[in-house]
Structures are given as structure tokens and as C-alpha cells.
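Report on the following structure.
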Amino acid sequence: MIEYRSVAKTFADGTEAVNDFSLVLPSRTTTVFVGSSGCGKTTLLRMVNRMIDPTHGQVLIDDVDIATRNKVKLRRSIGYVMQHSGLLPHRTVLDNVGSVLRLNGMSRKEADRRSQEVLETVGLDSSHASKYPSQLSGGQQQRVGVARGLAADPNILLMDEPFGAVDPIVRDELQRELLRLQHDLDKTIVFVTHDVDEAFLLGDQVVILKQGGEIAQVGAPADILASPADEFVSSFVGLDRGGRTLHVEERDGRSIVVDASGKATGVLAR
Amino acid sequence: MTWGWDNRDRILDLALTHMWLSAIPIVLGFVIALPIGWYANKRRWFRGPILSLGSVLYSIPSLPLFVILPSIIGTRILDPTNVVVALTVYATAIMVRSACDAFESVSGSVLDAAEATGYSGPQRGFGVELPLAGPVLLAGLRVVSVSTVSLVSVGALIGVSSLGSFFTDGFQRDFTTEIMVGVVGIVVIALLFDAVLVLTGRLLMPWTRATARPRFERIRSFRYAFGSGPGS
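And the structure:
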């Protein structure tokens, strides 16, 4: 369980990224922070592994204030996946995945074995293991990034817009893959995105943020759609544009789902 | 060329001396410049002054430097140390700029990622920053190497023997063959050193060959090699 207690962050240049943020992120679920740029979502994420320390308040993992924990050790116990994979360009795929294991003192042989295993878990062919990141496609690099995040089998996985820079088809594939992984692995995932669709697809708990880390609404995707807290939320999730206001039209004996603009979006299953 | 054959022992002897006199400043210059460049990249205010100092040092003509060094560092006039110290100054002066550029070329997001995944400061410095600065460091080192090998010959003018002694000797005796032997010898050593550096780079940085080398690097080495240098 991750808990934010009245957390605030003002950067050295005076920018107030987060102002009095409190929230509990239940274990073994996916919490998605979603908001436009400048809402402090990445700041909140990076507080969990102390890449950013709050200026006020506390962040607790399993009831322990992480300010009391050694930064380096804390980071090694938490998986981190970022937008442009963040892989080390001078290390092979296998070494990248095993880097945290090696830092934790695991033997090379053991680390390699475990890395192979994780690469398989994220669906990357073992023929890529000895390549360098630059020899992989963007989607493959992100898979390696996820593998590295999972290698040390952390309880917590932080994901900072991990699929933001890949093309839509690959993104779709990676999102499905993450859902499958989460179904099998049951991690506590903190996921940051600016894409509402992605947030609703992946999140058990979705946190919609306004500027300064102010929570507009927290809840399961269905609850947010059923009762948006205010106009900001309605507009943010797209309820006001008609894309999510659907109705059914009968056509040749089948029920076609149509949005408010008249675009057919699917067929109702029976 | 019978002259060359008859004097092969002396040629070999001077070639070895020449290699020593070049190798020490190249290594020292690299070792000294590395932490300076690294630091200059962390503390931006330090960068301007240190680069200016480098340029000033590099613009001192080598011959006067060889001559005045004994009075500064207390060595004897004919001591080869004078040449080694002077060339180390030049090597450091060129290398500091390369080292600054090299550490600057390392992507900030990669360093951030390394930190976020649990690299400690030193592990990140030696395991990520240094190797990734490698290609630009190597480009700088190759220029330093060529420049140093050629500058060692100037030492002959103040009586420190090297392949440059064939120039002074050949000029005095108006004997072209001897001068040619000196020139060819120096070129061979410069090529040899360069080959060693390139091979070492390939061994230590296998990833650079997996990807295309950025073009700016080559342009930069070109600029270093043919930009203004110390007069002799």
C-alpha cells in the first residue's frame, strides 16, 4: 500500500507542482494518475521512489515513511518504466534487464538466467537478448523497459507514460500485454498518462488531476463515468463531446452502438 | 636508403624514445583532463573559465615553453622531463575541451533512468557516464595523440633526443635522407598510436559499432586536428 499524506512540492525555482495531496493506493491494484501537463502527475510518481522528495508531508509504503529509507536501496526495490525506455545504450538487452539484479549483488549467471525468464514473460524473443537497445524498435525497447522494471520482482511498479512514444497499434498491444501481466503478477502499479482512454483501460483506481496536483475525482472508471464530480471531469473524460454518450440503434436485427455524433462504434454483444 | 640501414640501431633507439616521450603526456593529459571535464559538466560556472584557460595554455608556442620550463619547475635544461611536462600541458589543454563535450554528450534522460533504477552516484559515474562519454573522449584522445607525437620532435631543438633529432641533424648537414627518415618515422608512430586507440575503443565500446556513429563527432575531431595549434 502506498499512501500520500498531505504531500506538497515546491521546486527550487518556485514552481508549485503539488499542493496538499492525500491519497491511498491499495496494494495489488493499478492506480492511474491522469491529467494534462503541469498537473503534477509525474512529480507524484517520482515521489514514490524518492527521485523527488516532497517539501511537505509524507509518502508511506506499507506504513513506513520512505523519507527514513535509503534512496538507492528504495529505488532498487521498486520497478521503474519510463517513456523513452531509459535503457542504457551501452548495455545489451540482457544486461539492461539484469542491471538491478547485478546492483543487488546477484551473480552474472543467475542474473542472466532470471533476465531471460523476464524477457520471455514480457513477450520478447530471446534472439534479441544480445542486441543493443538501438537495434530494437520503439515497442521492443518498451518491452525491455518493462522487463527491467519487473526483473527484481518488486512489489511496486512505477510507469511514467511508458507507452506515450510508440505508435497507436503497438501501444494497444503493449496495453493488452500489461493487463495480462498484471493479471498474472498482481503488482501495485502506479501509472501516469495524459490519455483518458489509457487510464480507463488500465486503472482499477483512476485519479483525475487538475493543476497543482489537485484531485478532481478518484474512482473506478465506471464510477467516474456514471457520476462525474463536476464539469471539469465531464469535459476531461469526454462526456461533453458525445464520444462517450452512446445509444443503441437496431439495424438488420442487430444492436449497433452509436455515439452522440452518429458514429457507429460497435455492436452490442448478446 | 643504405644510410637508414646503417643507422638502424640509432633509428630504433630514437623511435622508442620518441614513443615514450609522446605516450607519457598523452596518458597524463587524459587522466588529468577527465575529472576536470567531468566536474566542468556538473558545475556550469566552472566550464567557461577552464575552457579559456585551456585555450590560453594551448596557444603558448612550444619552443619558448620548453626553454622557460626549467626555471619554473627546477629541472635541468637538457632534462627530457621539460618536454614531457610541456606536452602534458598541451595534451591536457586539448583534452579538457573534449572531456567537457564528452560528458555533455551523455543523455540526461539515460542518467536519470540509471538513478531511478537504483544506481548509486559512483556506480552511475563509472558504469554509465564514463562509458557513454567514451566515443567523444576517444575522438579527442586521437587528436591529442597525433598532436603530441608531432610536437615531441620540437624538443630536439633544445637537445632532447627523439626522431626530431634527425631534422636538426639533417638540416645542419644538409642531408635530406636523414630528414625523410625522421618524417616517416614520426608518421609511422602517429599511425601506430592511432591504430592502438581505435582498436582499444572498439574493444571497450562494442555498442558504438552496433549503431551508426553520429556525424558531428567526426566533424569535431576534424576541427581539433586542423584548427589553430601551438606554434613552434
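Taken in order, these protein sequences are the chains called A and B.
Mapping the first sequence onto the working numbering, position 115 (from 1) lands on 156, and the numbers just tick up by one.
Mapping the second sequence onto the working numbering, position 93 (from 1) lands on 124, and the numbers just tick up by one.
C-beta: ideal position from N, C-alpha, C; glycine also.
N- and C-terminal bounds of the beta strand (DSSP E) containing residue i
{"i": "Ile119/A", "result": "119 to 123"}
{"i": "Phe61/B", "result": "Element bounds for Phe61/B: not the beta strand (DSSP E) but the alpha helix (DSSP H), 39 to 73."}
{"i": "Leu287/A", "result": "287 to 292"}
{"i": "Val134/A", "result": "Unbroken run through Val134/A is the alpha helix (DSSP H), 134 to 144; no beta strand (DSSP E)."}
Pairwise C-alpha distance: residue j and residue i
{"i": "Ala206/A", "j": "His125/A", "result": "7 Å"}
{"i": "Ile91/B", "j": "Ile103/B", "result": "15 Å"}
{"i": "Ser93/B", "j": "Ala117/B", "result": "7 Å"}
{"i": "Leu135/A", "j": "Gly303/A", "result": "50 Å"}
{"i": "Val183/B", "j": "Leu47/B", "result": "12 Å"}
{"i": "Glu161/A", "j": "Ser167/A", "result": "7 Å"}
{"i": "Gly254/A", "j": "Arg87/A", "result": "13 Å"}
{"i": "Arg189/A", "j": "Leu215/A", "result": "15 Å"}
{"i": "Ala145/B", "j": "Val122/A", "result": "11 Å"}
{"i": "Gly284/A", "j": "Ala301/A", "result": "6 Å"}
{"i": "Ile93/A", "j": "Thr84/A", "result": "7 Å"}
{"i": "Trp238/B", "j": "Cys80/A", "result": "38 Å"}
{"i": "Leu161/B", "j": "Thr33/B", "result": "49 Å"}
{"i": "Leu59/B", "j": "Thr119/B", "result": "6 Å"}
{"i": "Arg295/A", "j": "Arg311/A", "result": "9 Å"}
{"i": "Ile265/A", "j": "Val259/A", "result": "8 Å"}
{"i": "Ala270/A", "j": "Phe277/A", "result": "11 Å"}
{"i": "Ser288/B", "j": "His169/A", "result": "Outside the displayed span of chain B (32 to 263) sits residue 288/B, for which this structure offers no information."}
{"i": "Phe197/B", "j": "Val218/B", "result": "14 Å"}
{"i": "Lys251/A", "j": "Met126/B", "result": "49 Å"}
{"i": "Lys82/A", "j": "Ser268/A", "result": "23 Å"}
{"i": "Val98/B", "j": "Arg110/A", "result": "59 Å"}
{"i": "Val185/B", "j": "Leu84/B", "result": "23 Å"}
{"i": "Trp76/B", "j": "Leu219/A", "result": "45 Å"}
{"i": "Ser193/B", "j": "Leu45/B", "result": "5 Å"}
Same chain, Cβ closer than 8 Å to residue i, five either side skipped, listed in chain order
{"i": "Ser176/B", "result": "Ser53, Ile57, Ala221, Phe224, Asp225, Leu228"}
{"i": "Gly260/B", "result": "Summary for Gly260/B: the model assigns pLDDT 46, below 50, so the residue's position carries little reliability; its value from the coordinates is reported in the next sentence. If we look at Gly260/B and ignore the five residues flanking it on each side, its Cβ neighbours are Tyr89, Ser178."}
{"i": "Ile256/A", "result": "Phe62, Leu64, Val248, Ile249, Leu250"}
Residue i - containing alpha helix (DSSP H), residue span
{"i": "Met239/B", "result": "Looking at the sequence shown, residue 239/B is not Met but Thr. Taken as a continuous stretch (DSSP letters only), the alpha helix (DSSP H) holding Thr239/B covers 238 to 241."}
{"i": "Asp238/A", "result": "237 to 243"}
{"i": "Thr208/B", "result": "207 to 235"}
{"i": "Leu86/A", "result": "82 to 89"}
{"i": "Glu158/A", "result": "149 to 162"}
{"i": "Arg217/A", "result": "209 to 226"}
{"i": "Asp200/B", "result": "196 to 204"}
{"i": "Gly186/A", "result": "179 to 192"}
{"i": "Gly277/A", "result": "This sequence places Phe at residue 277/A; Gly is not what is there. 272 to 278 is the span of the alpha helix (DSSP H), which, as asked, contains Phe277/A."}
{"i": "Asp143/B", "result": "139 to 147"}
Close-in-space but distant-in-sequence residues of the same chain around residue i (CB under 7 Å, 5 per side omitted)
{"i": "Ile264/B", "result": "Absent from the structure is residue 264/B, since the part of chain B shown begins at 32 and ends at 263."}
{"i": "Phe241/A", "result": "Val247, Pro262"}
{"i": "Val50/B", "result": "The amino acid occupying residue 50/B in the given sequence is Met; Val does not appear at that position. Same-chain partners within the cutoff: Ile220."}
{"i": "Asn90/A", "result": "Leu115, Arg116, Ile119, Tyr121, Leu199"}
{"i": "Ile67/B", "result": "Ile81, Val127, Ala130"}
{"i": "Gln223/A", "result": "Thr71, Ile230"}
Neighbourhood of residue i by C-beta, 6 Å cutoff - its chain only, sequence neighbours within 5 removed
{"i": "Glu44/A", "result": "Val65, Leu101"}
{"i": "Arg249/B", "result": "Note that Arg249/B has pLDDT 48, beneath the 50 cutoff, so the model's placement of it is unreliable and the number below is only indicative. Same-chain partners within the cutoff: there are none."}
{"i": "Thr123/B", "result": "Gly60, Ile63, Ala64"}
{"i": "Gly307/A", "result": "Val298"}
{"i": "Leu235/B", "result": "none"}
Bridge partner(s) assigned by DSSP for residue i
{"i": "Phe62/A", "result": "Val48/A"}
{"i": "Ile249/A", "result": "Val75/A, Gln258/A"}
{"i": "Met126/B", "result": "BP columns for Met126/B are empty, so no partner."}
{"i": "Glu57/A", "result": "Thr51/A"}
{"i": "Arg295/A", "result": "Arg292/A"}
{"i": "His97/A", "result": "Ala49/A"}
{"i": "Thr234/A", "result": "Val75/A"}
Check: Taking three-plus beta-carbon pairs below 8 Å as touching, is the region 103 to 123 of chain B in contact with the region 181 to 193 of chain B?
Finding: yes
Check: Are the region 238 to 254 of chain A and the region 71 to 91 of chain A touching, with three or more C-beta to C-beta distances below 8 Å?
Finding: yes
Notebook entry, point to check: Between the region 100 to 116 of chain A and the region 287 to 304 of chain A, do three or more beta carbon pairs fall short of 8 Å?
Noted result: no
Check: Would you call the region 165 to 173 of chain B and the region 128 to 145 of chain B touching, i.e. three or more CB-CB distances under 8 Å?
Finding: yes
Check: Three or more C-beta pairs closer than 8 Å, one from the region 128 to 143 of chain A and one from the region 164 to 179 of chain A: is that the case here?
Finding: yes
Check: Is the region 224 to 236 of chain A in contact with the region 192 to 200 of chain A, if contact means three or more CB pairs nearer than 8 Å?
Finding: yes
Check: At a cut of 8 Å, does the region 143 to 154 of chain A reach the region 101 to 110 of chain A through at least three beta carbon pairs?
Finding: no
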